[in-house]
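Below you'll find the structure, written out as structure tokens, and then a few comments.
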Amino acid sequence: MRVVAADRAHIAEAAERLRSGRLVAFPTETVYGLGGDATNARAVADIFELKARPSFNPLIVHVADLAEAETVGVFDERARLLAAAFWPGPLSIVVPRPDEGKVCDLACAGGSTVAVRVPDHPVAQALLAAAKRPLAAPSANPSGYLSPTAAEHVAQAFGQADLMVLDGGPCTVGLESTVVDCSSRQHTTMLRSGGVPLSDVTSVVSDVCDGTRPDGEQPRSPGMLSRHYAPALPLRLNADSVAGSEALLAFGPAPFAGAVATRNLSIRGDLVEAAANLFAMLHDLERSDAIAIAVMAIPDHGLGHAINDRLRRGAEAGICTIADPA
Ligand code: TXA
Ligand code: MG
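According to the numbering used here, the stretch in the sequence shown is residues 19 to 344, in order.
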């Protein structure tokens, strides 16, 4: 852990760190973010591990401006209006991912949408400009703890970690960004209240459903959205053998032989590597001719917990494709 002043030299060093796949905590106007290269699944897996998130909730992808946002997500007229009205600022906009998007699957929890925002903070902006890539950054707190609004909070929470923290002083908004889902053509839904009030959002786009109210008609904690968790083929978990008609998602040095197609999450049995590979490998296997995907047992500690959570949801969700934005 190294807390440093967010001056030019440290921002340049932080950008190099990010470009080489390591993590940097940085200030935004809302809260401090735990940032990593959004195009690098290993870096994103490290974020999940450091936060000890029990499941793979999708992360917010930070970009420099709307032009860069359009390279990571598909913006329709409504999403562009919201971006024009509130960016830079505390609004995250959920949009469909493009077919060959550069943001890794893990940052989007394997789903067909991506949450994007342009932070309104000079340090965040300078870091994005220097890193020259989108940054995935959840709030820089261990899962289940309060969001950090000062560098000291990050330092206290992650004392032992290999982490550089850019100290840009206290956050001015101090509350996370509002998350608005524009991925459905029929509905616009507020998924999380935050720095931009709902009334401001509705002054730009009418008919916004409040997905944060328990009686709202729209479903909505992303962890509960089955489309984030449903592969196109049935999953058979904790397999101790594989049938000739099945694909195999293997783990460890001794994968079973004879599957239609095989991907190994980590030959070395490394859970961070496995997390980084999980969604991309499921996508690969569901495109095979197999009738189901057999999944070898994965240890249920560290990131293995989130991997198993994801796989269990996938197994329960049944047949419905990951890529379907329905
Ligand atoms: O203010 C903020 O948004 C801060 C700073 C660092 O930018 N970031 C933040 O990230 O609060 P995080 O990961 O703690 O919260 C992300 C929220 C979660 O509620 C997540 O479920 C939602 O955004 N989210 C992310 N991607 C999504 C997606 N594709 N669809 C729906 N919800 C998404
Ligand atoms: Mg958070």
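All C-beta atoms in this analysis are idealised placements derived from N, C-alpha and C, irrespective of residue type, glycine included.
Predicted model only: the values in this text are computed from it and were never measured.
Report the rounded CA-to-CA distance for residue i versus residue j, giving the unit in angstroms.
i, j, result
"V134", "F66", "18 Å"
"C227", "M208", "6 Å"
"P345", "A127", "Because residue 345 is not part of the residues shown, which for the chain are 19 to 344, the question remains open."
"R94", "S201", "A small fix is needed here, since residue 94 is Asp in this sequence, not Arg. Those two C-alpha atoms are separated by around 9 Å."
"I111", "P152", "15 Å"
"A155", "A97", "21 Å"
"P317", "L289", "8 Å"
"A61", "G129", "18 Å"
"A173", "M19", "7 Å"
"H80", "V214", "17 Å"
"H28", "V49", "20 Å"
"A169", "A63", "22 Å"
"D83", "S161", "28 Å"
"E264", "A148", "46 Å"
"T89", "A293", "25 Å"
"P252", "L321", "23 Å"
"H349", "D55", "What the structure shows of the chain is the stretch from 19 to 344, and residue 349 is not part of that stretch, so it cannot be assessed."
"E194", "G270", "39 Å"
"K150", "G177", "28 Å"
"D185", "A272", "46 Å"
"I311", "R115", "25 Å"
"P140", "T280", "46 Å"
"A175", "M182", "13 Å"
"L36", "R330", "32 Å"
"R254", "I309", "11 Å"
"A335", "A87", "31 Å"
"A8", "A23", "Since the first residue of the chain shown is 19 and the last is 344, residue 8 is not available in this structure."
"S284", "R210", "35 Å"
"V21", "L68", "17 Å"
"A268", "D258", "11 Å"
"S221", "D138", "21 Å"
Between the Cα of residue i and the Cα atoms of the options, which residue gives the shortest distance?
i, options, result
"P108", "D302, A59, T190 and D288", "T190"
"S217", "R203, T196 and Q204", "T196"
"Q204", "S224, L303 and D185", "S224"
"T46", "A173, G287, V290 and G192", "G192"
"G187", "T167, N256 and G270", "T167"
"D180", "G39, D117, D199 and A333", "G39"
"V142", "F44, G332 and D83", "Note on identity: in this sequence residue 142 is Ala, with Val being the wrong assignment. That would be F44, whose Cα lies nearest to the Cα of A142."
"T206", "G276, E118, L99 and E291", "L99"
"G332", "A250, L52 and R281", "A250"
"T57", "E118, V22, D307 and A24", "E118"
"V132", "V198, T230 and A144", "V198"
"D307", "F74, L266 and S221", "L266"
"I78", "R305, V113 and R26", "V113"
"V136", "R254, A158, K69 and A102", "A102"
"A85", "W105, P72 and F74", "W105"
"H323", "A261, V313, T220 and F74", "F74"
"A70", "A275, A33, S157 and A144", "S157"
"G32", "N282, D258 and A144", "For clarity, residue 32 is Ala in the given sequence; the question names Gly instead. Nearest C-alpha to A32: A144."
"R26", "S211, L283, L146 and G53", "L146"
"N352", "V42, A268 and G229", "This structure gives no information on residue 352, because the portion of the chain shown stretches from 19 to 344."
"T230", "G212, T220 and V222", "G212"
"A277", "V260, E304, D302 and R286", "V260"
"S165", "G51, D258 and N326", "G51"
"R328", "P72, Y163, S221 and V222", "P72"
"L303", "N326, R286 and N282", "N282"
Check the Cβ-Cβ distances between residue i and every residue of chain D, and say whether any is below 8 Å.
i, result
"V62", "Note that chain D does not occur in the displayed structure, where there is just one protein chain."
For review: beta carbons within less than 7 Å of any heavy atom in the ligand NAD:
Among the ligands in the structure shown, the ligand NAD does not appear; only the ligand TXA and the ligand MG can be found there.
Would you call the segment 283-302 in contact with the segment 117-132, where contact means no fewer than 3 C-beta pairs closer than 8 Å?
Between the segment 283-302 and the segment 117-132 there are three or more C-beta pairs closer than 8 Å, enough to call the two in contact.
Check whether the segment 77-94 and the segment 304-317 touch, using three or more Cβ-Cβ pairs below 8 Å as the test.
In the pairwise beta carbon analysis, the segment 77-94 is classified as not touching the segment 304-317: fewer than three pairs are separated by under 8 Å.
Tell me the start and end of each unbroken alpha helix (DSSP H) in the segment 288-324 that is at least 4 residues and wholly inside, in chain order.
If we require 4 residues or more, the alpha helix (DSSP H) runs fully inside the segment 288-324 come out as 289-304.
Any chance you could list the beta strand (DSSP E) runs of at least 3 consecutive residues sitting entirely within the segment 158-197, in chain order?
Given a length threshold of 3 residues, each whole run of the beta strand (DSSP E) inside the segment 158-197 is given here in chain order: 182-185.
Report the start-end ranges of each beta strand (DSSP E) in the segment 40-75 that is 3 residues or longer and not cut off at the edges.
Whole beta strand (DSSP E) segments, 3+ residues: 42-44 and 51-55.
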